Amino acid sequence: MDHRSHQIHRHACYVTRNIRPPTPPSRTGRPDFQPLQICNTRVILVFRSHGTKMLRRSHRKSRGGCSECKRRHVKCDENRPKCRLCTVSDRECSFSSLSTPDTHSRSVSPGIQYGRTIAITRSKAPSKPSVLCAGQSTVDESIDNGHVYCEEPVNVGHMELLIHAMLNEEMYNFAIGFEKFHRAGLALGMETALKAPYLMHQILAFSSCHLAHANPHCLAYYRNQAVTLQTRAVSIFNTTRAEVNQLNCVPMLLFSSMLGQHLLAEILAVQPSTDMEIFITHYVQCIEMHRGIYTIATSAWSLLMKSELEPILSMSKEFTSRQSEGDDCSTVFSLIEDTDGMSAEEKHACRIAVHYLQVGLDAVRRDEDSPISRYQMICEWTMLIPPGFTGLLAAKQPVALVVLAHYAILLHFGRHLWQVGDAGLHILAIIEKYLGSQWDAWLSYPRARITSLVLR
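What follows is the structure, encoded as structure tokens:
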């Protein structure tokens, strides 16, 4: 290990109980910050590690893990035919060579490659009518001009999901311009889904995810439906082998957006694990999924601005281009500046993440009517934070966890949303337990804000 790698390793493994954090300053202003602008830049649509090395960190041994995870010294979930960590980092998994490929697990490149296994919760459901393409051998697929056509059995359960998706507005409350464009957006989504089966499957999967929340007595059944349909949607998407163009840019963006919202809802609505390692692993995977939305939007920006999505994308750009105004994150900015052992690039990545977080906290306090939801940044933050910050989160670097604790404030503002619930409260508790009392001063503000919201 060379000197630079040794430094990165030492800083990433920031042992909180042995290092005294900087002393918090008084809550003053923050440095001026210019937000990133979405530009028409060609981006390769593949989930990769963005040229950064995975930071080595302590982990429990997984004796049956794949050879790639063992080489990288990370915990493997042993999922087959490809483990989750190899999937999100677009690495060659040794399990793939041990499995017999079938029509549902073909690897595609170039293009976005989503892993076959997406959902976090795998509940055993009671016996119900078979769901769409649940591993049945009767599926017949053909590919023509980038479209996939499926001849599959359809049952009453699917009709229930479709009707629910068309009639229930609450299901889409993370969508950009939800209040203003819901009906037009829903019509566009359904019309587009008729030509893109992967999008239709994901719509039904997300509908089932919402029904699981709305019907706790049928929780296992609807979650099982959601997992099966989502897995099938990803499988169909991966068989298209398509580069983004004028014909497919809209369905690809809609699919990626809904898939990202679905995964975020699964992580937030289900009480987060009290194990920091498990929670961070799942949350980082969610961030990587949302980054796929950003890559589609940036690579096909000129095409999308000529599509029916132009009004919605323009609103999103206006929202994410705002200057931050509040001082909720002023102490976090100071913590970033005062922390030794972080590179200039890592500090810059943290500043970007905190900037967007402050924009989101500003939005929840706005009283005026706006076509953008006050809680839009809950979802968009996972898409906008840079890879450098994601790497710090994956390494459980204390400064990054303090930033995440401030994100918990935003989550708790939106606790009435079905996707969120008490996630902010639980995430803050996990972080406090992991960092210990040495970091209490830096966590006092999110603790006070969330406590005051609980008492209202």
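Take the sequence shown: its position 430, counted from the start at 1, is 430 in the UniProt record's numbering, and no numbers get skipped.
Ideal placement from N, C-alpha and C gives every residue a C-beta, glycine not left out.
Computed from a predicted structure; not experimentally measured.
Take L162 as the anchor and find which of L204, A193, E169, Y198 has the nearest alpha-carbon.
-> Position 162 of the sequence shown, counted from the first residue, corresponds to residue 162. The residue from L204, A193, E169, Y198 with its alpha-carbon nearest to that of L162 is L204.
Helix or strand or just coil, what does DSSP make of G157?
-> Locating residue 157 in the sequence shown gives position 157, where the first residue counts as 1. Secondary structure of G157 (DSSP, three-state): helix.
S208 to T339 span [Cα, whole Å] | Taking the sequence shown and counting its residues from 1, one reaches residue 208 at position 208. Taking the sequence shown and counting its residues from 1, one reaches residue 339 at position 339. When rounded, the distance between both Cα atoms is 45 Å.
Examine the Cβ distances between the segment 435-443 and the segment 318-329 and report whether three or more of them are shorter than 8 Å.
-> Look at the beta carbons and you see the segment 435-443 not touching the segment 318-329: under three pairs across the two are nearer than 8 Å.
Can you tell me where the alpha helix (DSSP H) with H282 in it begins and where it stops?
-> Counting from one through the sequence shown, the residue named residue 282 turns up at place 282. In this chain, the alpha helix (DSSP H) harbouring H282 covers 276-299.
Which ranges does the alpha helix (DSSP H) cover as unbroken runs of at least 4 residues, wholly within the segment 379-444, from first to last along the chain?
-> Runs found: 387-394, 398-413, 423-435.
Between A405 and the rest of its own chain, which residues show a CB-CB distance below 6 Å, the 5 nearest in sequence each way excluded?
-> The count along the sequence shown starts at 1 and reaches residue 405 at position 405. Answer for A405: L428, I431, L443, P446, listed in chain order.
Would you grab the beta carbon distance between D186 and M166 for me? Rounded to a whole angstrom, and I think it's under 8 Å.
-> Residue 186 sits at position 186 when you count from the first residue of the sequence shown. Residue 166 sits at position 166 when you count from the first residue of the sequence shown. It should be noted that the sequence gives Leu, not Asp, for residue 186. About 7 Å; that satisfies the 8 Å criterion.
Flag this pair as touching only if the segment 232-243 and the segment 389-398 have three or more C-beta atom pairs under 8 Å; answer yes or no.
-> Two segments are said to touch when three or more pairs of C-beta atoms, one from each, lie closer than 8 Å; by this definition the segment 232-243 does not touch the segment 389-398.
Report all residues from its chain with a CB closer than 8 Å to the CB of I280; omit the five preceding and five following residues, and keep chain order.
-> As a position in the sequence shown, residue 280 is number 280, starting the count at 1. Residues of the same chain with a CB within less than 8 Å of the CB of I280, apart from the 5 flanking positions on each side, are L393, A394, K396 in chain order.
Check whether the Cβ atoms of Q261 and A233 lie closer than 8 Å to each other.
-> On the sequence shown, residue 261 is found 261 positions in, with the first residue counted as 1. On the sequence shown, residue 233 is found 233 positions in, with the first residue counted as 1. Taking a C-beta distance under 8 Å as the contact criterion, Q261 and A233 do not qualify as a contact pair.
I409 and R366 closer than 8 Å at C-beta = Along the sequence shown, read from residue 1 onward, the residue named residue 409 stands at position 409. Along the sequence shown, read from residue 1 onward, the residue named residue 366 stands at position 366. Contact: no.
Can you tell me whether T192 is buried or exposed, with buried defined as 16 or more other CB within 10 angstroms of its CB?
-> Sequence index remark: in the sequence shown, residue 192 carries index 192 (1-based). Taking every protein chain shown into account, the CB of T192 has 16 or more other CB atoms within 10 angstroms, so this residue is buried.
Among A349, S314, G65, which has the Cα closest to the Cα of K82?
-> The count along the sequence shown starts at 1 and reaches residue 82 at position 82. Out of A349, S314, G65, the CA that lies nearest to the CA of K82 is found in G65.
Leaving aside the five residues before and after D77 along the sequence, list all residues of the same chain whose C-beta is less than 6 Å from its C-beta, in chain order.
-> For the purposes of this step, residue 77 is identified with residue 77 of the sequence shown, where counting begins at 1. If we look at D77 and ignore the five residues flanking it on each side, its Cβ neighbours are C83, R84.
Distance, Cα to Cα, A423 vs H412?
-> As a working note, residue 423 is residue 423 in the sequence shown. As a working note, residue 412 is residue 412 in the sequence shown. CA-CA distance, A423 to H412, rounds to 7 Å.
Integer Cβ distance of F206 from M258, believed to fall under 8 Å | Position 206 of the sequence shown, counted from the first residue, corresponds to residue 206. Position 258 of the sequence shown, counted from the first residue, corresponds to residue 258. The beta carbons of F206 and M258 sit about 5 Å from each other, so the pair counts as a contact at 8 Å.
Rounded straight-line distance, which links the Cα of G388 to that of E345 | Residue numbering aside, residue 345 sits at position 345 when the sequence shown is read from its first letter. Residue numbering aside, residue 388 sits at position 388 when the sequence shown is read from its first letter. Across the structure, E345 and G388 are spaced so that their CA atoms are roughly 7 Å apart.
Can you tell me which of the three DSSP states L309 falls into?
-> The residue given as residue 309 occupies position 309 in the sequence shown. Looking at L309 - three-state DSSP - the assignment turns out to be coil, as it is neither helix nor strand.
Which two residues bound the contiguous alpha helix (DSSP H) that contains A344?
-> Within the sequence shown, the letter at position 344 stands for residue 344. Element bounds for A344: 344-364.
Taking all protein chains shown into account, decide if A212 is buried (16 or more other Cβ within 10 angstroms of its Cβ) or exposed.
-> In the sequence shown, the residue the question calls residue 212 occupies position 212. Its Cβ being crowded by 16 or more others within 10 Å, A212 is buried.
Round the Cβ separation of G341 and I378 to the nearest angstrom and send it over; I've been treating them as touching at under 8 Å.
-> Position 341 of the sequence shown, counting from 1, holds the residue named residue 341. Position 378 of the sequence shown, counting from 1, holds the residue named residue 378. Actually they do not touch by this definition, with Cβ atoms about 30 Å apart.
Among the residues of its own chain, which have a CB less than 7 Å from the CB of L417, if the five just before and after it don't count?
-> Locating residue 417 in the sequence shown gives position 417, where the first residue counts as 1. Excluding five sequence positions before and after L417, the CB atoms of its chain that fall closer than 7 Å to its own CB belong to N173, Y375, given in chain order.
Residue environment, D328, which counts as buried when at least 16 other CB atoms sit within 10 Å = Position 328 of the sequence shown holds residue 328. So D328 ends up on the buried side.
Presumed contact (8 Å Cβ cut-off) between V403 and V332, rounded CB distance = The residue given as residue 403 occupies position 403 in the sequence shown. The residue given as residue 332 occupies position 332 in the sequence shown. At roughly 6 Å, the Cβ-Cβ gap stays under 8 Å, so V403 and V332 are in contact.
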